[in-house]
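First the structure, in the form of structure tokens, and then the observations on it.
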Amino acid sequence: MRILRLLQQTTPPERPLFWFFENVVFMGHQDKMTISRFLECNPVLVDAKDVSPAHRARYFWGNLPGMDRPSAALVDSPLRLQDCLEPHCNRKAKFSKVRTITTRANSLKQGETSLPVEMDGKEDTLWCTELERLFGFPDHYTDVNNLSRGDRQKLLGQCWSVPVIHHLLAPLKDFYQCQ
């Protein structure tokens with residue numbers, strides 16, 4: 021917040037300064053109220069389930085134009101888990117949407133024990149490329165520096181959902197439209 025205040029002080033008044041902050045919806049109520057008080061605005065709740073095959077409810081505070089408009093999926097965005105699974109591998113989604121994926125390996129389970137995919141009659145977990153697709157990243161986006169499967173999931177578990185960020189930032193395209 022100190023950085024935001026510094027940017028606000030140094031930005032000329034004729035130039036807009038757009039900003040947003042993000043946090044999980046399961047944060048403490050007092051923490052949410054404190055953040056809202058310091059940022060001088062209430063958060064907008066956006067859940068990735070509206071624009072992707074994964075739940076990922078997050079609070080966003082900011083001054084982006086249209087932040088509170090309803091979420092709309094992109095034409096080519098996958099909305100069902102099956103659309104993210106590796107084709108031609110006999111993988112079938114057991115659910116249309118998955119729960120929030122975090123840095124913890126057990127977040128891939130849908131409930132206490134059920135894994136989200138069935139392959140050759142057996143339950144299976146999501147593969148890294150499938151996780152990347154869920155978040156809106158290109159295949160093998162996290163396949164760098166010999167990262168392990170677990171490290172790749174930890175990296176993705178810290179990420180924003182690309183379709184959500186596209187939704188939030190899309191109005192800026194019109195704001196900065198060139199002739």
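The numbering of the sequence shown is the numbering used here, which starts it at 21 and goes up by one. Here a beta-carbon is modelled for each residue, glycine too, at the ideal position from N, C-alpha and C.
Counting C-beta atoms within 10 angstroms of its own C-beta, residue 196 has fewer than 16 neighbours from the protein chains shown and is therefore classed as exposed. Under the three-state reduction of DSSP output, residue 184 falls in the helix class. For residue 82, the enclosing beta strand (DSSP E) begins and ends at 77–82.
Per the coordinates, the alpha-carbon of residue 171 lies some 10 Å from the alpha-carbon of residue 163. Distance check between residue 146 and each of 125, 161, 132 and 158 places 125 closest, using alpha-carbon atoms only. In this structure, the straight-line span from the alpha carbon of residue 82 to that of residue 71 is close to 20 Å.
Scanning the region 89–177 for uninterrupted beta strand (DSSP E) segments of 3 residues or longer gives 111–113, 137–139 and 142–144, listed from N- to C-terminal end. The straight-line gap separating the alpha-carbon atoms of residue 176 and residue 113 is approximately 20 Å.
Considering only 42, 92 and 37, the residue with the shortest C-alpha distance to residue 179 is 42. Pairing residue 75 with residue 118 gives a Cβ-Cβ distance under 8 Å.
Burial state of residue 44 is exposed, judged by a 10 Å Cβ sphere holding fewer than 16 other Cβ atoms.
With a threshold of 16 other beta carbon atoms within 10 Å, residue 89 falls short and is exposed.
Counted as a single uninterrupted DSSP element, the alpha helix (DSSP H) harbouring residue 51 occupies residues 49–59. Look at residue 37 here: in three-state DSSP terms it is coil, with no helix or strand label. Distances from the alpha-carbon of residue 111 to those of 192, 143, 152 and 155 put 143 closest. With the rule of 3 Cβ pairs closer than 8 Å, the region 153–160 does not count as touching the region 126–137.
Rounded to the nearest whole angstrom, the C-alpha separation of residue 155 and residue 34 is 36 Å.
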